[in-house]
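Engineer: From first to last, the protein sequence lines are chains A and B.
Reading the first sequence from the start, the letters are residues -6 to 393 in my numbering.
Reading the second sequence from the start, the letters are residues 69 to 456 in my numbering.
Just so it is clear, CB atoms sit at the ideal spot from N, CA and C, and this is done for glycine as well.
I have a structure I would like to understand better, so I am pasting it below and will then ask my questions one at a time.
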Amino acid sequence: MEEMKLEANKELNILKRSSSQIGSLQWLKKNLFSSWSNVLLTIISAVVTGYILFNTFQFIFTADWSVIAVNFRLLMIGQFPVAEIWRVWTILGVLTVLLGLSWGLWKGSMAHVAVSIGAIMLIMVAMPFIQMSTRLILGGNIVLLLLTFFIGTKLPKLKIPVIAVWLLYIPLTIFILNGFGVLAPVSSNIWGGFLLTLLIASVAIVISFPIGLLLALGRRSSLPVIKYFCVIYIEFIRGIPLITVLFIGQLMIPLFLGSGVEISNVLRAMIGMTLFSAAYLAENIRGGLQSLPRGQYEAAQALGLNKTYMMTFVILPQAIRAVIPACVGQFISIFKDTSLVAIVSLTDLLGMGQKLVANPEFLGKQMEVFVFVGFVYFIFCYLMSHVSRRLEVSLGAGHR
Amino acid sequence: MKKTITTPFWRDKRIVPILLQVLFAALVLAGGYYFIANAINGLQQIGINLGFNFLKNTSGFTISESMIDFQPTDTYGRAIIVGILNTLRIAFIGIILTSIIGLFVGIAKLSNNWLVSKLATVYIEIFRNTPLLVQIFIWFFAVLLPLPRIEEALKLGPVFFSNRGIAIPWFEAHSNTILWGIGMIVGLMVAVIFFKALMKKQLESGKRKYPFISAIVSFIVIILITLIFTKTGPVTIHTPSVSGRGFVGGQTLSPGYSAILISLVIYTSTFIAEVIRAGIQGVPKGQIEAAKALGLKSSTTMRLVIFPQGIRIIIPPLTSQYLNLVKNSSLAVAVGFQDIVSVGGTVMNQTGRAVEVISIMIAVYLTFSLITSILMNIFNQKVQLVER
């Protein structure tokens, strides 16, 4: 009996193996050489791929990356004073702890984010030009990430505190970076590099979401004054390019606020980005509101809920869930669009790159600098779009 | 004693909405009034009165690329018109090129050839996940500006590459161009009439009448007649050549223009490719299977079954991609191509008229957006399903 089973298993294995061998050949035939035109296409695209890959590798290995190595700190955190650099490390540490805990607590998409951030840190540790102290701190962060992951898996009670700290994270970051009287002030005018890119993007995302929600609700309101105000705002902003919104921010906000109030360049750019992205998010959220069947509204009314309760407990949770992937897509474009602040002479990652290229010391290094800048943006955008695709699957939004 | 139940006014369903709206309007108006009063006050302090009279003043700056004649002695108003035309030029050519490339990449992504579809995926992922401005900078600062000087320009066929720009062959109208135009229109009309008539006969009699082939043949015949009659081509093609410190003949595309056009086309094409892929995949599988069951060829299936249904899904997102391209063309300001934003910036610097110039820019873009969406809506209504 037992032997027979073994025998059968063996046969099955052999069958499997041979089928997988035939499988790969068949796969090749089916996917690359199914017809004469297909063979031709395969050959042409193989030549194109080879040419592109060859040139890319040639560029990567022959380019002079010292310009990035020398200016790595400038590109990452701009001219943030070296003596105060511990603040940047502190906020990165808090971020690591939060990521690690969330990874342990929720797993799923969070795991992808945490692992990717950890991998980026690991790659940075491996880079030859990174200072020893930086390497140690980054290494410590990786250990911290893993440690807090285990704490997270063991202590599910931490969920609510972790959410609270996430909500407080951006105000906390800005407080630590700026000082606000408690610490020595570091004016936002010297914030720069990738740090500034991240700050502008996250402030714009976090603040524009509630505004967008209100605008979306307002647009569907039955009160004509509120409805048309929201419609006009949304269509107006969506009709003009971001650069004009940034110009409005830079040139007209100081005018509007009068001479009494002084606000920095960075804050003006943040306001511009926020006002801009709120209109786009509003349209995304409206899509979610419209996708809900009428029955949901009617059921809520039948239960005797008033409008506020109906919105907070029945409609919004479902609508927001439905539009999370679309919103992440919007966040990606906000993140990419922050590069436009370089035009209004802020030194974000791209602006810093521009400054480096203008420096006669680094003449002729444009390709290296901008390819590096583009690569950093690419990594983060790709990561976000990957997470958004996973969310789409896990939320089941794609199946409805 | 009769007791009437009266609801207090703050719970009255007829009054509360009105009160809310009045309150909201009052808040918005008060905010608006505060901001505008501040602005007018601040402008008066630096001696500027709002108004568009400055548009009649002499500009005094030069615009290197312009579709209409522009001299430094011309007015600011004319400068802004030049800027608008330049924006339109990028938008028009950009939309055509990006649609072609996007269609190509979108279909390539759906190809059943693994390598082709992977190549398309990589193309889409790389170019859509890198900010447009970074791509513009790479093309402008790292590719086009380091090209050799004009004296040592690279020659690739009839095309010249130099740091002064790319010179391509260009056509020019001559005395017989109008005749050619008439010939083409007549040819097209005859071809359409032939096609329709023969198609009708074919449908009625059920016998093959070759409508498509006869239409093409009739068109070619008329073109040949035109050729014999005029003894010239429709246009003369000028190939560029280097002369001293500039190109002669052909069309010179400045580095700024080329950079913005190339990056806009590539960046937008990735989004259009995804739109087209989603549109084709959005056609229910049953439709394709039904077409197969009817015995249609795959090209006929594509033309008569997939395309007409896919186009309905494609058009709305395609419209917003075209609008994005128009809006993104404003990034030309970063590489010094003088579109409306760039010209506006110069005017702002010279006159200090920030409010007016920004209002003009906003008006221009809103008009573009409005016109594009009206046109696309009309087109959309034409292809929409007529449900019974």
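(1) Let me see if you follow: with CB-CB separation under 9 Å, is S326 of chain B close to chain A or not?
(2) Just list the residues that DSSP pairs T320 of chain B with in beta bridges.
(3) Mind checking which residues open and close the alpha helix (DSSP H) that includes T245 of chain B?
(4) I'd like to know whether the C-beta atoms of M114 of chain A and I135 of chain A end up nearer to each other than 9 Å.
(5) At a Cβ threshold of 9 Å, is N445 of chain B touching chain A?
(6) Among residues of its own chain, excluding the 5 on either side of A62 of chain A, which ones have a beta-carbon nearer than 6 Å to its beta-carbon?
(7) Exposed or buried, what is I264 of chain A when buried is set at 16 or more other beta-carbons lying within 10 Å of its beta-carbon?
(8) I'd like to know if the region 184 to 191 of chain A and the region 63 to 73 of chain A are in contact, where contact means that at least 3 CB-CB pairs between them fall below 8 Å.
(9) Does the region 214 to 234 of chain B come close enough to the region 305 to 318 of chain B to have 3 or more Cβ pairs within less than 8 Å?
(10) Within the 9 Å Cβ cut-off, does K395 of chain B reach chain A?
(11) Is DSSP giving E357 of chain B helix, strand or coil here?
(12) Return the chain-ordered list of same chain residues with a C-beta closer than 7 Å to the C-beta of A262 of chain A, the five sequence neighbours on each side being excluded.
(13) Between G346 of chain A and chain B, is there a C-beta pair that is closer than 9 Å?
(14) For W82 of chain A, tell me which candidate among A:C223, A:H105, A:L129 and A:D57 has the shortest Cα-Cα distance.
(15) Could you have a look at W82 of chain A and say whether DSSP puts it in helix, strand or coil?
(16) Tell me where the alpha helix (DSSP H) around F54 of chain A begins and ends.
(17) Just confirm the distance between the C-beta atoms of L123 of chain B and G145 of chain B, as a whole number of angstroms; I'd bet it's less than 8 Å.
(18) Taking DSSP as the reference, what is the three-state secondary structure of D330 of chain A?
(19) Identify the contact partners of F229 of chain B in chain A, using a Cβ-Cβ distance below 8 Å as the criterion.
(20) On a CA-only basis, which of A:V369, A:V108 and A:V40 is nearest F142 of chain A? Give me that one, please.
(21) Relative to the alpha-carbon of V254 of chain A, which residue among B:L87, B:F103 and B:V90 has its alpha-carbon at the smallest distance?
(22) So the alpha helix (DSSP H) L215 of chain B belongs to, where does it begin and stop?
(23) I169 of chain B and I340 of chain B: beta carbons closer than 9 Å?
(24) Can you pull the DSSP bridge partners for S309 of chain B?
(25) Buried or exposed for V289 of chain B, going by 16 or more other Cβ atoms inside 10 Å?
(26) Do A271 of chain A and I169 of chain A have their C-beta atoms closer together than 9 Å?
(27) By DSSP, does G288 of chain A sit in helix, in strand, or in coil?
(28) Which residues in chain A sit within 8 Å of Q418 of chain B, going by Cβ to Cβ distance?
(29) What does M429 of chain B touch in chain A if you count any residue whose Cβ is under 7 Å from its own?
(30) Within the 9 Å Cβ cut-off, does W78 of chain B reach chain A?
(31) For I48 of chain B and chain A, any beta-carbon pair shorter than 9 Å?
(32) Which residue wins for smallest C-alpha separation from G314 of chain B, given the options B:A235, B:K268, B:S366 and B:L399?
(33) Would A233 of chain A and M429 of chain B qualify as a contact pair, given that the criterion is a beta-carbon distance under 9 Å?
(34) Mapping the DSSP letters down to three states, classify T340 of chain A as helix, strand or coil.
(35) On the DSSP letters alone, give me the boundaries of the alpha helix (DSSP H) that K358 of chain A sits inside.
(36) Could you tell me the distance, in whole angstroms, from the CA atom of W96 of chain A to the CA atom of I156 of chain A?
Structural biologist: For this structure:
(1) no
(2) B:A235
(3) T245 to S273
(4) yes
(5) no
(6) F122
(7) It is buried - the Cβ of I264 of chain A has at least 16 other Cβ atoms within 10 Å.
(8) yes
(9) yes
(10) yes
(11) helix
(12) Correct list, in chain order: I193, L239, G242, V334, V337 and L339.
(13) yes
(14) A:L129
(15) helix
(16) W29 to T55
(17) 4 Å
(18) Note: D330 of chain A maps to helix in three-state DSSP.
(19) Near F229 of chain B there are no residues of chain A at all, since even the closest Cβ is about 16 Å away, more than 8 Å.
(20) For F142 of chain A, the nearest C-alpha among the options comes from A:V108.
(21) B:F103
(22) For L215 of chain B, no alpha helix (DSSP H) encloses it, and the DSSP letter there is neither H nor E.
(23) yes
(24) Partner residues in the beta bridge of S309 of chain B, as assigned by DSSP, are B:V316.
(25) exposed
(26) no
(27) helix
(28) Ordered by position in chain A, no residue passes the 8 Å Cβ test against Q418 of chain B, which lies about 14 Å from the chain.
(29) T237
(30) no
(31) In the structure displayed, chain B extends from 69 to 456; residue 48 of chain B sits before or after that span and is not available.
(32) B:A235
(33) It is Ile, not Ala, that sits at residue 233 of chain A in the sequence shown. In this structure, M429 of chain B lies closer than 9 Å to I233 of chain A by Cβ.
(34) coil
(35) Neither: K358 of chain A is in no alpha helix (DSSP H) and is coded neither H nor E.
(36) Distance between the alpha carbons of W96 of chain A and I156 of chain A: 12 Å.
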